[in-house]
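Visitor:
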Amino acid sequence: MEPTKWLPVLLLLLPSFGSAFKKRVIGGQECDETSHPWLVMIVSPKGFLCSAVLLNHEWLLSAAHCFESGEFRLRLGTHSHRVRKGHEQRRTSASLICYPNTNTSTNISDCSFDNDIMLIKLNEPVTYNEYISPISLPTSPVSLGTKCTVMGWGTTTSPQFTYPDVPQCADIQIFPSSTCEDAYPWWTMTDSIICAGVLEGGRDSCKGDSGGPLLCGGEFQGIISWGGFPCAQPNEPTIHTEVYNYLDWIQSIIQ
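So the sequence shown is residues -20 to -1, 1 to 235, counted in mature numbering (1 follows the signal peptide of the UniProt record, and there is no 0).
Structure representation (structure tokens):
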């Protein structure tokens, strides 16, 4: 979502839930090519859509607002989306499941932005290699003040959009939810979100990064969800879905 005031939020919501909430890395640098073997590019019939994270041979985790009817094309082991090196694997989505459902979600109405999390089942299992392997789920909640990293193929400029060929990484910090409440007083913050960013601005996720990971101490703590627009403004951190809060639901489906 890319609003700064409540009225623009309502206007953004009118066309479609998904298009309103695509969160997007500003002020970062190219990620090391072997540092993101679990990062997945989601491509819809309209083009690049969001990112996801590989949980095991058959399942990905992403943001519910990335939901679109139809089949996703999924690119695993990708660094530059313009250059194929032979280790990449491509799959399609067999099913999309938004919380709290345990069966396939068939419509955007099955997905709630209050719980911005979605499982994606692959049409066939992937084979692990140096560039494709699963991420570790969190073993405990993340602590305030922790330094974390976000990554993705999202735009590197805002409000104009400039999309990189390779994923960008940026370091940000965990803040109390009250920091995001101050930034976005029209939104009710819940226990299922993580507030993170850089208070002085200049560095954060941006358009196209939705569904990608918030990594803290090597653990997958959050899913990039939404924030202010233009991106990476002072005192406007980004909202992330807290993965730890949904572990029981995730494990009940993917095991």
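Cβ coordinates follow ideal geometry from the N, Cα and C atoms, glycine included. If you're wondering where the values come from, they're calculated on a predicted model, not measured in any experiment.
Residues in the same chain with beta-carbon distance under 8 Å from Trp39, minus the five sequence neighbours each way, listed in chain order, please.
Guide: Residue numbering aside, residue 39 sits at position 59 when the sequence shown is read from its first letter. Excluding positions up to five away in sequence, the list reads Leu99, Ile100, Lys101, Leu102, Ile233 and Ile234.
Visitor: Tell me the residue span of the alpha helix (DSSP H) that contains Cys160.
Guide: As a working note, residue 160 is residue 180 in the sequence shown. From DSSP, the alpha helix (DSSP H) with Cys160 extends over Ser157 to Ala163.
Visitor: Reducing DSSP to helix, strand and coil, say where Lys3 ends up.
Guide: As a position in the sequence shown, residue 3 is number 23, starting the count at 1. Note on Lys3: pLDDT 43, under 50, position unreliable in the model; the coordinate value appears next. Coil, per DSSP.
Visitor: Whole angstroms are fine: how far does the CA of His45 sit from the CA of Ile88?
Guide: For the purposes of this step, residue 88 is taken as the residue at position 108 of the sequence shown. For the purposes of this step, residue 45 is taken as the residue at position 65 of the sequence shown. Cα-Cα distance, rounded: 8 Å.
Visitor: Using a C-beta cutoff of 8 Å, does Pro25 count as contacting chain C?
Guide: Judged by its chain identifiers, the structure shown contains no chain C, having just a single protein chain.
Visitor: Note the first and the last residue of the continuous beta strand (DSSP E) segment covering Ser42.
Guide: The residue labelled residue 42 in the question sits at position 62 within the sequence shown. The continuous beta strand (DSSP E) containing Ser42 extends over residues Trp39 to Ser42.
Visitor: Thinking C-beta only, is Asn225 closer than 8 Å to Pro114?
Guide: Residue mapping note: residue 114 aligns to position 134 of the sequence shown, counting from 1. Residue mapping note: residue 225 aligns to position 245 of the sequence shown, counting from 1. Taking 8 Å as the Cβ cut-off, Pro114 and Asn225 do not qualify as a contacting pair.
Visitor: For my contact list, Asp184 and Cys211 are in at a C-beta cut-off of 8 Å; report their separation, rounded to the angstrom.
Guide: As a first step, residue 184 must be located in the sequence shown, where it is residue number 204. As a first step, residue 211 must be located in the sequence shown, where it is residue number 231. About 6 Å separates the two Cβ atoms, so the contact holds.
Visitor: Closer than 7 Å by C-beta to Asp171: which residues in its own chain qualify, once you throw out the five before and the five after it? Chain order, please.
Guide: Mapped onto the sequence shown, residue 171 falls at position 191. Closer than 7 Å at Cβ, skipping near neighbours: Asn225.
Visitor: Leaving out the 5 sequence neighbours to the left and right, which residues in its chain are closer than 7 Å to Leu76 when beta-carbon positions are compared?
Guide: As a position in the sequence shown, residue 76 is number 96, starting the count at 1. Excluding residues within five positions, the ones whose Cβ falls inside 7 Å are Phe47, Thr84, Ser85, Met98 and Ile100.
Visitor: Is it right to say Val223 is buried, meaning 16 or more other beta carbons lie within 10 angstroms of its own, or is it exposed?
Guide: Numbered from 1 along the sequence shown, position 243 holds the residue referred to as residue 223. Result: buried.
Visitor: To the nearest angstrom, how far is the alpha carbon of Gly207 from that of Val33?
Guide: What you label residue 207 is simply residue 227 of the sequence shown in a count that begins at 1. What you label residue 33 is simply residue 53 of the sequence shown in a count that begins at 1. Cα-Cα distance, rounded: 20 Å.
Visitor: Express the C-alpha separation of Asn109 and Met(-20) in angstroms, rounding to a whole number.
Guide: Within the sequence shown, numbered from 1, the residue matching residue -20 stands at position 1. Within the sequence shown, numbered from 1, the residue matching residue 109 stands at position 129. Confidence at Met(-20) is low in this model, with a pLDDT of 33, below 50, so its placement is unreliable and no value can be given for it.
Visitor: Among residues of its own chain, excluding the 5 on either side of Pro105, which ones have a beta-carbon nearer than 7 Å to its beta-carbon?
Guide: Counted from its first residue, the sequence shown places residue 105 at position 125. Here the set comprises His37 and Glu38.
Visitor: Output needed for Thr14: all residues of its chain with C-beta closer than 8 Å, excluding positions within five of it in sequence on either side, in chain order.
Guide: Residue numbering aside, residue 14 sits at position 34 when the sequence shown is read from its first letter. Excluding residues within five positions, the ones whose Cβ falls inside 8 Å are Glu110 and Tyr111.
Visitor: Evaluate Arg55 with the Cβ neighbour count: other Cβ atoms within 10 Å of its Cβ, from every protein chain shown; 16 or more gives buried, anything less gives exposed.
Guide: For this step, residue 55 is matched to residue 75 along the sequence shown. Per the 10 Å Cβ criterion, buried.
Visitor: Flag this pair as yes or no: are the beta carbons of Ile22 and Gly132 separated by less than 8 Å?
Guide: The residue labelled residue 22 in the question sits at position 42 within the sequence shown. The residue labelled residue 132 in the question sits at position 152 within the sequence shown. No, Cβ-Cβ distance for Ile22 and Gly132 is not below 8 Å.
Visitor: Are Ile174 and Leu41 closer than 8 Å when you measure CB to CB?
Guide: Numbered from its first residue, the sequence shown carries residue 174 at position 194. Numbered from its first residue, the sequence shown carries residue 41 at position 61. Not a contact, by the Cβ cut-off of 8 Å.
Visitor: For Gly177, I'd like the list of residues in its chain whose CB is within less than 6 Å of its CB, leaving aside the five on either flank, ordered along the chain.
Guide: As a working mapping, residue 177 is identified with position 197 in the sequence shown. Within the same chain, Gly177 has close Cβ partners Ile152, Asp184, Pro217 and Thr218.
Visitor: Mark Asp228 as exposed unless 16 or more other C-beta atoms lie within 10 angstroms of its C-beta, in which case mark it buried.
Guide: Here residue 228 refers to the residue found at position 248 of the sequence shown. With fewer than 16 other Cβ atoms within 10 Å, it is exposed.
Visitor: In whole angstroms, give me the CA-to-CA distance for Gly7 and Phe141.
Guide: If you number the sequence shown from 1, residue 7 lands on position 27. If you number the sequence shown from 1, residue 141 lands on position 161. Each residue's Cα considered, the two are about 13 Å apart.
Visitor: In terms of alpha-carbon separation, which member of Phe209, Gln69 and Ser60 lies closest to Asp12?
Guide: As a first step, residue 12 is located in the sequence shown; it is residue number 32 there, counting from the start. When each option's Cα is compared against that of Asp12, the closest is Ser60.
Visitor: Take the Cβ of Arg71 as the centre, count every other Cβ of all protein chains shown within 10 Å, and call the residue buried at 16 or more, exposed below.
Guide: If you number the sequence shown from 1, residue 71 lands on position 91. Flag for Arg71 reads buried.
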